[in-house]
Amino acid sequence: MSHYSFEFPYAFLLIVLFWLCFKKCPSKSLAIYLPYIHLLIGKKRVKSRLLDIFKWFGIIALTIALASPVKVEIYNNIKKDARDIMLILDSSKSMLDRGFDINNPKKDKFSVVVDVISKFVKDRENDRVGLVNFSSSAFIASPLTFDKAYLEYIINKQRVGLVGSRTAIYDALLQAIYILEDSDAKTKIAILLTDGIDNMSTTKYKEIKNAVANSKLKLYIVGIGGFDDLNVPKLKELAQSGRGKFFLATDSSTLEKIYKEIDKSETSKIKGESYKTYTYYYYFPLIFAIIFLLLFVYFKSAKGVAKWVLKTFHFYFYC
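Note that the sequence shown covers residues 4 to 322 in our numbering.
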């Protein structure tokens, strides 16, 4: 963004001062009576008008130069402390169970989860977000990306049972750890959502717990359903190992609140700095001021040399 202004706008008051000076303080000189002076008045009047033009143009240009016209350009430098977030989504067969959404009992759990995490992704506009989908095995549905439209498209393309019907929680979590380990972000977050107990991973519980503890990520685990559907003690231990927290969502409303709580607790820091650059243009009016004032001095003292100029201006003023 840029704009033009004057660095010293009060300098324009000098024009008023000059005008008052010329009106109220006329120069005093000895008066000499000359007969037939009226014969010379015409030529003197033309020369006087020409000198007034040079004088006032010079004064105005000099005043503009003193006011210092300047172009101000403002630059905003926004620093974003972005987070890298991996979403780990359970797509096992049990995610087709209905009744999780009180307002729409016919809606299955997976559809509810897709709606909630899509909203979460949309709100994380300053962060990179990726997706790991798992059931019998785990796969990377999307790497870390700033392109939220692409990620929302990928999320809505996920289906239950894409890679089997069982649950490989630990393998999926290990995939997310591998991705976040390669990240240069200061804050790395994994959000695991599941409705079941691990029954398919090749990775053992102790191995994944050590991997989480030794990593630099923060782990949130969201269990959906009841205590009987989940191994709550192990999920809590995993979340604590990852310096995070375990949540239990018994319905869609609770699930939305959980993701809002995570969103608020993991707010990205944005630092805005602005700076200005100044380009000065005082030398343009200064050059014109010097030219006009030199012309004023020259024509005021010149006699025969400037006669042809006076004749030209005589034609301009009296024709």
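All C-beta atoms, glycine included, are put in the ideal place defined by N, C-alpha and C.
Note that the structure is predicted; figures quoted are calculated from it, not measured.
Continuous beta strand (DSSP E) stretch holding residue i: start and end
i, result
"I91", "R86 to D93"
"I143", "A141 to T148"
"I194", "T190 to T197"
"N106", "Counting along the chain, N106 falls outside any beta strand (DSSP E), and DSSP gives it neither H nor E."
Paired residues, beta bridge with residue i - DSSP
i, result
"T255", "Reading the sequence as shown, one finds Ser at residue 255 and not Thr. DSSP output for S255 lists no bridge partner at all."
"V75", "H6 and Y281"
"V135", "I91 and I143"
"L220", "K191"
"K303", "Per DSSP, none; premise fails for K303."
"I227", "A252"
Buried/exposed call for residue i, threshold 16 Cβ in 10 Å
i, result
"I273", "Only weak support is given to the placement of I273: the predicted model assigns it a pLDDT of 48, under 50, and the value that follows is read from those uncertain coordinates. The residue is exposed, with fewer than 16 neighbouring Cβ atoms inside 10 Å."
"P236", "exposed"
"D93", "buried"
"G245", "buried"
"V132", "buried"
"I290", "exposed"
"L20", "exposed"
"F250", "buried"
"D201", "buried"
"Y173", "buried"
"T170", "buried"
"L42", "Confidence in L42 is poor, its pLDDT being 48 and thus under 50, which makes the residue's placement too unreliable to answer from."
"N217", "exposed"
"Y13", "exposed"
"Y78", "exposed"
"L23", "exposed"
"S114", "buried"
"R52", "exposed"
"L238", "buried"
"L16", "exposed"
Test item: CB-CB of residue i and residue j under 8 Å
i, j, result
"M89", "A214", "no"
"D198", "M98", "yes"
"D87", "D150", "no"
"K221", "G247", "yes"
"A68", "F11", "no"
"L134", "A144", "yes"
"L65", "F302", "no"
"I265", "L196", "no"
"S186", "V166", "no"
"P146", "I192", "no"
"L2", "V124", "This structure gives no information on residue 2, because the portion of the chain shown stretches from 4 to 322."
"G229", "T205", "no"
"F295", "F57", "yes"
"K263", "G164", "no"
"A188", "A85", "yes"
N-terminal and C-terminal residue of the alpha helix (DSSP H) that residue i is part of
i, result
"K96", "Premise fails: K96 is in no alpha helix (DSSP H) and is neither H nor E."
"D174", "I172 to E184"
"K125", "K112 to D126"
"K27", "L16 to K27"
"Y156", "K151 to K160"
"L241", "V235 to S244"
Near the ligand SAH: residue i beta-carbon under 7 Å from a heavy atom
i, result
"F302", "With respect to the ligand SAH, the structure offers nothing, as it holds no ligand at all."
Beta carbon proximity, residue i to chain D, threshold 8 Å
i, result
"F57", "Protein chains in the displayed structure number just one, and chain D is not present."
Three or more C-beta pairs below 8 Å linking the segment 99-110 and the segment 151-162: no
Three-pair Cβ contact test at 8 Å for the segment 219-234 versus the segment 243-258: Three or more beta-carbon pairs separated by less than 8 Å link the segment 219-234 to the segment 243-258, which places the two stretches in contact.
Contact between the segment 56-67 and the segment 88-104 (3+ Cβ pairs under 8 Å): Touching, no, given that fewer than three Cβ pairs across the two stretches are closer than 8 Å.
The segment 71-79 touching the segment 167-179, judged by at least three CB pairs closer than 8 Å: No contact exists between the segment 71-79 and the segment 167-179.
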